[in-house]
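Heads up: the sequence shown runs through residues 1476 to 2214, numbered per my numbering.
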Amino acid sequence: MLSKYWELTILDGLIAKDKEMSCFAAGDIDGDGNVELFTGGSGLLRWYRPATGEQGDISHVNCTVGMIIHDVDGDGIMELVVGEFLEDSPKRTRIVWYKPSNDLNGMWNKYIIAEEFEGNNHDIVFGDIDNDGEDELVTISAFSKDAGIFIFKPNDDVKKTWNKFIVQRGIFTEGLSLGDLDGDGCLEIVCGPDWYKAPEGGPYAGIWKRQTYAHNFREMCRTVLVDITGNGRPDIVITDSEYLDGYLSWFENRMLEEPDNPWIEHRIDERLKYSHSLDFVCQGTEITLFVGEMQQGGWNPPYNHDARLMLYTSKDNGKTWEKSVISRGEGTHQAIFCDVDQDGELEIVGKTWAKKMGNPKLQMWKQSKKKLPEFRHRFIDRDKPYTATDILTVDITGEGKKDIVCGAWWYKNPSWQRYEIPGIVQVINTYDVDQDGRYELIAVRKTEECMQKKRNFHLFNELCWIKPIDPENGVWEQHFIGKLEGDWPHGSVVAPLLHGGRSALVVGIHDAFKRPHYPQIFKIPENPKESPWQADTIAQISYGEELIAHDMYGKGRLDIVAGSWVLKNLGNGSFTPITVAEEFKVARTVIFDVNGDGKPDIIAGEEPLPVEGESGTPFSRLAWFENPGDENGLWKVHIIDTVRCAHSIGLGDVDGDGEVELIVGEHDPSFPFRSRSRIMIYKKADKEGRTWKRLTIDERFEHHDGAKYFEMDKGQSAIISHGWKESTYVHMWEMVKEN
């Protein structure tokens, strides 16, 4: 029996930006014992070898949905068969097959099966249609007035154009399968809700007889043939592939027992959304169906936030089915069962389709022997008076436990009772400012000037630092730092950045791209109570997000990571900007040696601009940038995933296995309390950081500068976060420990 627990691994977080990837197939194409995965779409046909992490391009063509791995030339080694659009027409297609050289990175030889094919080639299957011992190709044409089903038979020279025969023309259905339905030794064709019988003169004698078995199913479906009853003849499993209200049924084959009522429907499930993946596996008398939903179907339908992967298992010849949802919130397209890593157990592999689904990515779900980690959510606060910019942890009371600070409030560990911090509106950072061994808070306070301008009442530009005296009774000591040149702080760092270990505060500006306003540096004086602190521009870059101090080049000095720049510390109090990434508008960042080469890399989430005419935050890249080790070197970008604005990123050994995990929260302020944003944990699936496992721990709340990991008490850790529009909430997730 297949496991109930499946881990999601992102094999390629971004196959191609702003592209559609319409087709998918898997198989050992070069006979080396490793499974390769193939995907193709808008301008790109690619291969992947998960066992080694290798990948490469086959061709830069526009592919259709139809793709399959098959031994076309009979040499015992598989080839790739795919439909592709003609170079001079976006509507005309052809069917081709590719044969690689000894090295998949080398030249792939292409041969044409059908020179010009009617409409969009959608499904491809192979089978011995004429019982001559050799397989023919059966395919459908979709979305065209010339839609239909066609057979292609190779000539003596398989490398030359094949002969075409018409099964039917003028009827569009999809979901193609082959099987001997009536036990006469010949293959019939199933396509969508219909099945086709060859004419008496043979499969090439004319149009095949069309008969409907599923009278309540629409034209766009997925089908598989499997003997569910155990009578030796295939039954038909069918699901709606493009609809919000789809069915999953199996039709019992009674063609010999009841010719007048040959197909009996047995409903398995209802209200499936865009279930475009259907496959099965038989283990003895046990049959398991796999159904995968997409995030979106065609024709601009509603987004399916809860896209599921489901297993349906029957041990009693289809009388009853046990349903198991093995994944939720990650849709897929054309996914199948496949033993990718050759360990004797099946994985599920697939890919997403289009940009509107988060840009195409390549996915694998692997069976797990143990239950995946669970997290228990609780609200630290459901009544926070207004929006906070940041959330952080610090020992406020001096009792040795980290408390939570968010906005103008702090929450005492472990009761999490809320206390107000008087005289300020936002806490943005924490540091031992006066070097007395206790951390103070860097904060923003309200100003009359901002009030007169009717600026948002919790976003101001005057900085102070505050020291807890008797915080539970609201007694704090406040000292002025200085005033920002922009509207309000949006990212800050305080660290020993200057010569001789002298500390400074660096602040990014929210409206940096509008004015522009550059990040400012405030030097902490020997007596930090003196004010204002000396201020200057640290670098002429327009930036206002996460700032991190880290020695990025091994020089023994703290540089500053500022989004797509590293501000290199020259050691004399000045900093020079070095570009890390162009055309990547950074939201949040963390520093982590991803590939284990001893050099700190940068992990960043992208903040996308809303698409004109659309509502909601679009999908964007979550990536890590590989440190070249040289300030003149180029930072190589590696895409981890595509998500809906990773505006919250944290790091921590969440599962206690000694390895650091990445914590990411999505940000979508468009629809308060309806954002359906996720908080997720990413774990490297290989040492080099090419592939990542992903676990979604919640999918209800939006996140802004949150997803922070901290130790509440010895041996007890948690993740905290908060939102922008969902401003009343402060969240905590604790990992549920196994008994």
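Every residue gets a Cβ at the ideal spot worked out from N, C-alpha and C, and that includes glycine.
Secondary structure note for Leu1916: its beta strand (DSSP E) is the uninterrupted segment Glu1915 to Arg1920.
In its chain, beyond the 5 residues on either side, Glu2101 have a beta carbon closer than 6 Å to the beta carbon of Lys2111.
Here Thr1568 is buried, its C-beta having at least 16 other C-beta atoms within 10 Å. Using a C-beta cut-off of 8 Å, the stretch 2000-2013 makes contact with the stretch 1935-1954, since at least three inter-stretch Cβ pairs fall below that distance. Taking the CA atoms as reference points, Ile1504 sits about 39 Å from Leu2126.
Burial state of His1690 is exposed, judged by a 10 Å Cβ sphere holding fewer than 16 other Cβ atoms.
The beta carbon of Leu1731 lies closer than 8 Å to those of Asp1657, Gly1658 and Arg1708 in the same chain, with the five residues before and after it left out. Scanning the stretch 1601-1649 from its first residue to its last, the whole beta strand (DSSP E) runs of 3-plus residues come out as 1611-1617, 1623-1628 and 1638-1644.
Asp2011 sits exposed, since fewer than 16 C-beta atoms from the chains shown fall within 10 Å of its C-beta.
For the pair Phe2050 and Ile2013, the CB atoms are nearer than the 7 Å cut-off. By a beta-carbon distance limit of 8 Å, Leu1555 does not contact Cys1538. Their separation comes to about 10 Å. In this structure, Pro1835 lies away from Lys1844, with their beta-carbon atoms at least 7 Å apart.
According to the DSSP assignment, Cys1498 belongs to the beta strand (DSSP E) that extends over Met1496 to Gly1502. Under DSSP, no beta-bridge partner is assigned to Ala1883. As the crow flies, the alpha-carbon of Arg1977 is around 17 Å from that of Leu2042.
In terms of CA proximity to Ile1641, Ala1622 leads the group Lys1634, Val1900, Ala1622 and Gly1654.
Taken in chain order, the complete beta strand (DSSP E) segments of 3 residues or longer contained in the stretch 1675-1733 are 1684-1687, 1696-1701, 1710-1715 and 1721-1728.
Under the Cβ criterion (8 Å, minimum of three pairs), the stretch 1637-1654 counts as touching the stretch 1672-1689. Pro1943 is bridged by DSSP to Trp1951. Contiguous beta strand (DSSP E) elements confined to the stretch 1965-1995 occur at 1979-1984, taking only those with 3 or more residues.
DSSP places Lys1830 within a helical segment (H, G or I) once states are collapsed to three.
Between the C-alpha atoms of Ile1587 and Lys1748 there is a straight-line separation of about 36 Å. The Cβ atoms of Asp1493 and Lys1830 lie closer than 7 Å to each other.
When the beta-carbon positions are compared, Pro1994 and Met2027 stay at least 7 Å from each other.
Counting every other CB atom within 10 Å of its CB across the protein chains shown gives Leu1653 a total of 16 or more, marking it as buried. By alpha-carbon distance to Ile1711, the top candidate from Phe1726, Arg1697, Asn2044 and Gly1721 is Phe1726. For Gly1961, the three-state secondary structure derived from DSSP is coil.
Counting C-beta atoms within 10 angstroms of its own C-beta, Phe1618 has fewer than 16 neighbours from the protein chains shown and is therefore classed as exposed.
Contact between Leu1700 and Thr1714 does not hold, since their C-beta atoms are separated by about 14 Å, which reaches or exceeds 8 Å. Contact between Met1496 and Trp1828 holds, since their C-beta atoms are separated by about 6 Å, short of 8 Å. Scanning the stretch 2107-2136 for uninterrupted beta strand (DSSP E) segments of 3 residues or longer gives 2111-2118 and 2121-2127, listed from N- to C-terminal end.
Residues Thr1872, Lys1887 and Tyr1894 of the same chain have their beta carbon placed closer than 8 Å to that of Glu1947, with the five preceding and five following residues left out of the count. Listed as beta-bridge partners of His2142 by DSSP are no residues whatsoever.
Runs of the beta strand (DSSP E) lying entirely within the stretch 2032-2095 and spanning at least 3 residues, in chain order: 2034-2037, 2040-2044, 2050-2054, 2061-2067 and 2076-2081. Across the structure, Lys1566 and His1597 are spaced so that their CA atoms are roughly 13 Å apart.
Within the DSSP bridge table, the entry for Ile1664 names Leu1653 and Tyr1671 as partners.
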